[in-house]
Amino acid sequence: MKITIIGAGNMGGAIASGLVVSGSVEPQNITVIDHRGENVPRLKAVSDSLNIVVDDYTSLSNADVVIIAVKPWNVENVLKTHNSSLSNSDQLIVSVAAVVTLAQLQQWTSPNKPVFRVVPNTAIAVRQSMTYIASQQADKNQQNQVFRIFSLLGKAEFVEEKMIPAITSLTSCGIAFAFRYIRASMEGGIEMGVYPAQAKKAVLQTLRGAIELLEATGDHPEAEIDKVTTAGGITIKGLNEMEHAGFTSSVIKGLKASNIK
Numbered sequence: 047m048k049i050t051i052i053g054a055g056n057m058g059g060a061i062a063s064g065l066v067v068s069g070s071v072e073p074q075n076i077t078v079i080d081h082r083g084e085n086v087p088r089l090k091a092v093s094d095s096l097n098i099v100v101d102d103y104t105s106l107s108n109a110d111v112v113i114i115a116v117k118p119w120n121v122e123n124v125l126k127t128h129n130s131s132l133s134n135s136d137q138l139i140v141s142v143a144a145v146v147t148l149a150q151l152q153q154w155t156s157p158n159k160p161v162f163r164v165v166p167n168t169a170i171a172v173r174q175s176m177t178y179i180a181s182q183q184a185d186k187n188q189q190n191q192v193f194r195i196f197s198l199l200g201k202a203e204f205v206e207e208k209m210i211p212a213i214t215s216l217t218s219c220g221i222a223f224a225f226r227y228i229r230a231s232m233e234g235g236i237e238m239g240v241y242p243a244q245a246k247k248a249v250l251q252t253l254r255g256a257i258e259l260l261e262a263t264g265d266h267p268e269a270e271i272d273k274v275t276t277a278g279g280i281t282i283k284g285l286n287e288m289e290h291a292g293f294t295s296s297v298i299k300g301l302k303a304s305n306i307k
């Protein structure tokens, strides 16, 4: 499978790097198009066999999968400009550009073109993304091809396109919300006398343990909360104080505010 990635920035570079590190895709079968050439040294450090080209789109005509990892407002121009190189009817067009719809991808390529709208998050850089995929005009085999690619970079799941805005809030925006919780917890720890590095280590391992517990038990989070909230104890006092300050409400409001349809 030959893969061309248009865009060598944070997302495009992370996808290329993750695929190479996975060991399941030969680096020589991946071409990354860097518009300005600024990312060539960084990507060559991952593998010298990666094909990193500067503003050279000739690989598009031979690619089995074209991954578009440019800013959303550049997607239309990129596809229309290079549409003649995307004439292979079996070629898969995959966009990781937020808010660009499947209808737009087909409008800018071909009505019969297999197109995919993919929502990863930045943890794709360490192959721990939660990636959601929607498709149009793609058969089961083509869907499986795209699923396999993004399964190498974390967990992947197909959804209906109408779910994409909400999913984006939970995962793509959600990772920033998680980082903000980590920062807030670190600051609280520092105020209580814990050194910054120690506070960060404590919070990260606590979150890692919480995730492992939920995945191992399959429990609802509230069931695990009940196990550590004794009557009159310090945990329930802390939880109630957070709720008085609007913790749950703030999280829900933040998610809904970022749910742009």
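Heads up: the sequence shown begins at 47 in the working numbering, then just goes up one per residue.
Cβ atoms here follow ideal geometry from the backbone N, Cα and C, with glycine treated the same way.
Predicted model, so just to flag it, every value in this text is computed and none were measured.
Locate the beta strand (DSSP E) running through residue i, then write down its first and last residues.
i: residue 227; result: From DSSP, residue 227 is part of no beta strand (DSSP E) but of the alpha helix (DSSP H) over 220-237.
i: residue 28; result: Residue coverage of the chain in this structure runs from 47 to 307, which leaves residue 28 outside it and unanswerable.
When you compare the CB of residue i with every CB in chain D, is at least one pair closer than 8 Å?
i: residue 121; result: Note that chain D does not occur in the displayed structure, where there is just one protein chain.
How would you write the range of the alpha helix (DSSP H) that residue i sits in, first residue to last?
i: residue 97; result: Here residue 97 belongs to no alpha helix (DSSP H); instead the beta strand (DSSP E) covers 97-100.
i: residue 306; result: Here residue 306 belongs to no alpha helix (DSSP H), and DSSP marks it neither H nor E.
i: residue 263; result: 242-263
i: residue 48; result: Premise fails: residue 48 is in no alpha helix (DSSP H) and is neither H nor E.
i: residue 191; result: 186-197
Just the Cα atoms here: how many angstroms apart are residue i and residue j?
i: residue 197; j: residue 166; result: 11 Å
i: residue 64; j: residue 93; result: 11 Å
i: residue 41; j: residue 282; result: Shown here, the chain extends from 47 to 307; a query on residue 41 therefore has no answer.
i: residue 104; j: residue 209; result: 35 Å
i: residue 55; j: residue 102; result: 16 Å
i: residue 292; j: residue 299; result: 10 Å
i: residue 305; j: residue 143; result: 16 Å
i: residue 48; j: residue 123; result: 23 Å
i: residue 242; j: residue 96; result: 38 Å
i: residue 51; j: residue 183; result: 21 Å
i: residue 195; j: residue 71; result: 9 Å
i: residue 235; j: residue 178; result: 35 Å
Can you have a look at residue i and say buried or exposed, based on whether 16 or more other CB atoms are within 10 angstroms of its CB?
i: residue 53; result: buried
i: residue 160; result: buried
i: residue 180; result: buried
i: residue 31; result: What the structure shows of the chain is the stretch from 47 to 307, and residue 31 is not part of that stretch, so it cannot be assessed.
i: residue 272; result: exposed
i: residue 238; result: exposed
i: residue 163; result: buried
i: residue 85; result: buried
Quiz item: Is it true that the segment 55-70 meets the segment 83-90, where meeting means three or more beta-carbon pairs spaced less than 8 Å apart?
Solution: yes
Practice problem: Mind listing, in chain order, the continuous beta strand (DSSP E) runs of no fewer than 3 residues lying wholly within the segment 117-174? | Solution: 138-141 and 161-165
Quiz item: Counting Cβ pairs closer than 8 Å, one from the segment 66-83 and one from the segment 125-139, do we hit at least three?
Solution: no
Quiz item: Counting pairs of beta carbons, one from the segment 221-231 and one from the segment 190-205, are three or more of them closer than 8 Å?
Solution: no
Quiz item: In chain order, which continuous runs of the alpha helix (DSSP H) of length 4 or greater are located wholly inside the segment 269-295?
Solution: 280-290
Quiz item: Are the segment 138-156 and the segment 107-116 touching by the rule of at least three beta carbon pairs closer than 8 Å?
Solution: yes
Exercise. Just list the alpha helix (DSSP H) runs in the segment 53-118, keeping only unbroken ones of 4 residues or longer that don't cross its boundaries, in chain order.
Key: 56-68 and 86-90
Quiz item: Do the segment 150-157 and the segment 125-132 make contact, defined as three or more Cβ pairs closer than 8 Å?
Solution: yes
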